[in-house]
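J.:
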Ligand code: LLP
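Structural data, given as structure tokens:
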């Protein structure tokens, strides 16, 4: 559910007409809805109502990579969410947005010693460590700072998440985590390292999951591991179950499991674990809370096809080109009739195609259109390919809206380059 709805023939973000935002801010622009973000947080928390968390509040640590905008993070921080970060940049963004350090977990397969030091100084809750060499480096960094790093190993449970190959992370051959069947040895090694305190287990098998089965299989393996680790004498206090629950992109295909169904599965899978549970949802919280607003540059007819050329491109929204992702495309002011067209951007690659032979609202030159479900992995994956400046981002809250990221001036983009002396005339 989202708050992008038609009122008097014009699509509004909450109470703000998108036509107004396009006039004021220009296009393309990402537009986020506060009410939708709040709703998704509430729905996710309610879904976890029945989950036992060793008498402690479960920690919902938003996966910052899904949408790192400062205003989005501040919204989530004020709702009490934590943050799952994977780089120094994400760590700093989370801290600046007001996420308390003790609600931050640091994931990622290639943390550098500098990043570890920064996070240790900030006093984050835990590191999700992905290899023995990584925990050795963390030990050295923690010792040099005179502190102890709380860690969970991210285990690779070797299950097929049944999602797009590029966003699948839980198979043995993937780069993520430590093999679950070697985990006991890794915990033994880690527990003997100075400055390291193993406190939990972490798992994340992939993103845009549309089937709960692989998650349930992974969690069952984690449950067994927790028992074994306790038998081995480790004190396991947390279990981080990652993110990954899919969202509906295409209204015509069966919807992914609901948060309530996910919560019920988690409650069953984790009963009796006696740990504090941590979750790292990204897409579920923000995907449907954002759209990419664009304007039709022109419509042209090829040999057989009709092309709607919009002013957004693959550099602004990479998902269709990278994952063949499907985003619903609608007119902001629909005329009530439909047409079949290919929707493409101006970038000089065939991959800059958002939709092929799509039945959609009639769109003509100058019309505003929007890509739905673009709040996650949208602006954050943008590039400046074709020397296109990064787009503006706007946050709506009821009848208010604010530009929460300025459109990058093209001069600023060019100014980052410099020409060496020998080329100066
Ligand atoms: N935790 C970890 C360790 C992750 O790697 C990810 C996502 C998440 C949590 C959040 O997953 P979510 O709840 O959002 O599914 N760019 C791709 C998605 C890449 C996801 C990477 N990891 C896309 O646009 O579909």
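In my numbering, the protein residues as written are 141 to 565. Backbone N, C-alpha and C fix where the C-beta goes; we use that ideal spot for every residue, glycine too.
1) If residue 535 sits next to residue 239, beta carbons under 8 Å apart, how far is it from one beta carbon to the other, in whole angstroms?
2) Looking at residue 518: is its Cβ nearer than 8 Å to the Cβ of residue 432?
3) Return the chain-ordered ranges of every alpha helix (DSSP H) run that is complete within the stretch 368–431 and spans a minimum of 4 residues.
4) Determine the DSSP secondary structure at residue 508, reduced to helix, strand or coil.
5) I believe residue 280 touches residue 298 by the beta-carbon criterion, under 8 Å. Please report the beta-carbon distance rounded to the nearest angstrom.
6) Use the C-beta contact count for residue 284: other C-beta atoms within 10 angstroms, 16 or more gives buried, fewer gives exposed.
7) Taking only runs that begin and end inside the stretch 430–503, name each unbroken alpha helix (DSSP H) of 4 or more residues, in chain order.
8) Smallest Cα separation from residue 429: which of 174, 274 and 520?
9) Just verifying my parser: in three-state terms, what is the DSSP assignment at residue 566?
10) Could you tell me whether any non-hydrogen atom of the ligand LLP is closer than 7 Å to the CB of residue 203?
11) At which residues does the beta strand (DSSP E) containing residue 147 begin and terminate?
12) Along the alpha helix (DSSP H) that carries residue 229, what are the first and last residues, could you check?
13) On the criterion of 16 or more Cβ atoms from any shown chain inside 10 Å, does residue 551 qualify as buried, or is it exposed?
14) Tell me whether residue 504 is buried or exposed, calling it buried when 16 or more other Cβ atoms sit within 10 Å of its Cβ.
15) If contact is defined by three or more beta carbon pairs under 8 Å, each pair taking one atom from either stretch, is the stretch 302–321 in contact with the stretch 210–227?
16) What does DSSP give as the partner residues of residue 152 in its beta bridges?
17) Are the Cβ atoms of residue 372 and residue 328 separated by less than 8 Å?
18) Ordered along the chain, which non-local residues of its own chain (more than five positions away) have a Cβ less than 7 Å from that of residue 257?
19) Just jot down, in chain order, the residues whose CB lies closer than 5 Å to any heavy atom of the ligand LLP.
20) Give the DSSP-derived three-state secondary structure of residue 258 in the structure shown.
21) Within the continuous beta strand (DSSP E) that includes residue 266, where are the two ends?
22) Since residue 278 is in the alpha helix (DSSP H), which residue starts that stretch and which ends it?
23) Give the single residue among 439, 341, 532 and 494 whose Cα lies nearest to the Cα of residue 410.
24) By alpha-carbon positions, which one of 425, 158 and 393 ends up nearest to residue 184?
25) Okay, do the stretch 377–391 and the stretch 164–174 touch, 3+ Cβ pairs below 8 Å being the bar?
26) By the DSSP assignment, the beta strand (DSSP E) with residue 328 in it spans what residues?
27) Just to confirm the assignment, what range does the alpha helix (DSSP H) spanning residue 244 have?
28) Check residue 351 in the structure and name its three-state DSSP category.
T.: From the atom records:
1) No, residue 535 and residue 239 are not in contact; Cβ-Cβ is about 17 Å, not under 8 Å.
2) The Cβ atoms of residue 518 and residue 432 sit closer than 8 Å to each other.
3) With a minimum length of 4 residues, the continuous alpha helix (DSSP H) runs that stay inside the stretch 368–431 are 399–410 and 423–426.
4) Per DSSP, reduced to three states, the secondary structure at residue 508 is strand.
5) Not quite, the Cβ-Cβ distance comes to about 30 Å (not below 8 Å), so this is no contact.
6) Label assigned to residue 284: exposed.
7) Listed in chain order, the alpha helix (DSSP H) elements of length 4 or more contained wholly in the stretch 430–503 are 459–463.
8) Comparing Cα positions, the closest option is 174.
9) Lying before the first or after the last residue shown, residue 566 is absent from the chain, which here runs from 141 to 565.
10) With a cut-off of 7 Å, the C-beta of residue 203 is classified as near the ligand LLP, since at least one heavy atom of the ligand falls inside that distance.
11) Counting along the chain, the beta strand (DSSP E) containing residue 147 begins and ends at 144–147.
12) Counting along the chain, the alpha helix (DSSP H) containing residue 229 begins and ends at 228–236.
13) Classification of residue 551: exposed, given that the 10 Å Cβ count is below 16.
14) So residue 504 ends up on the exposed side.
15) No, they do not touch.
16) The partner list for residue 152 (beta bridge, DSSP) reads 145 and 157.
17) A distance below 8 Å separates the beta carbons of residue 372 and residue 328.
18) For residue 257, where only same-chain residues beyond five positions count, the Cβ hits under 7 Å are 281 and 285.
19) Spelled out in chain order, the answer is 203, 206, 247, 307, 344, 347, 382, 383, 384, 420, 421, 422, 423, 459 and 517.
20) Reduced to three states, the DSSP call for residue 258 is helix.
21) Annotation for residue 266: the continuous beta strand (DSSP E) segment containing it runs 266–269.
22) Annotation for residue 278: the continuous alpha helix (DSSP H) segment containing it runs 272–285.
23) That would be 341, whose Cα lies nearest to the Cα of residue 410.
24) Minimum Cα distance to residue 184 is reached at 425.
25) Too few Cβ pairs lie closer than 8 Å, so no.
26) No beta strand (DSSP E) holds residue 328; the alpha helix (DSSP H) holding it covers 323–331.
27) That residue, residue 244, is in no alpha helix (DSSP H); its beta strand (DSSP E) goes 244–246.
28) Residue 351 falls in the coil class under three-state DSSP.
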